[in-house]
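Numbering (this note's numbering), first residue to last: 12 to 61.
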């Protein structure tokens with residue numbers, strides 16, 4: 012029972028560490044926010060939306 016709990020805890024910790032490693036990026040928005048806003052591509056790291 013203790014071994015199964017240890018394996019489960021190890022799996023959950025590895026998932027939490029994977030989610031915590033996010034990439035750094037900067038998004039700068041100037042102007043008005045509207046319903047029909049533009050689409051933003053997630054491939055670029057830093058960009059400015061006018």
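Note that beta-carbon positions come from the ideal geometry of N, C-alpha and C, so glycine has one too.
In this text the structure is predicted, and so the values were computed from the model without any measurement.
| task | Report yes if the C-beta distance between residue 40 and residue 58 is below 8 Å; otherwise report no. | result | Here residue 40 is taken as the residue at index 29 of the chain shown, counted from 1. Here residue 58 is taken as the residue at index 47 of the chain shown, counted from 1. Cβ distance not < 8 Å, so residue 40 and residue 58 don't count as in contact.
| Sequence-distant residues of the same chain with beta carbon closer than 6 Å to residue 56, five excluded per side | If you number the chain shown from 1, residue 56 lands on position 45. Contacts found: 36.
| Taking the C-alpha atoms as reference points, what is the distance between residue 54 and residue 22? | Counting from 1 along the chain shown, the entry for residue 54 is found at position 43. Counting from 1 along the chain shown, the entry for residue 22 is found at position 11. Cα to Cα, the separation comes out at about 29 Å.
| query | Between the C-alpha atoms of residue 24 and residue 42, what's the straight-line distance to the nearest angstrom? | reply | Position 13 of the chain shown, counting from 1, holds the residue named residue 24. Position 31 of the chain shown, counting from 1, holds the residue named residue 42. Near 41 Å, if we compare the C-alpha coordinates of residue 42 and residue 24.
| query | Who are residue 39's beta bridge partners in DSSP? | reply | Counting from 1 along the chain shown, the entry for residue 39 is found at position 28. In the DSSP output, where bridge partners are listed per residue, residue 39 has 59.
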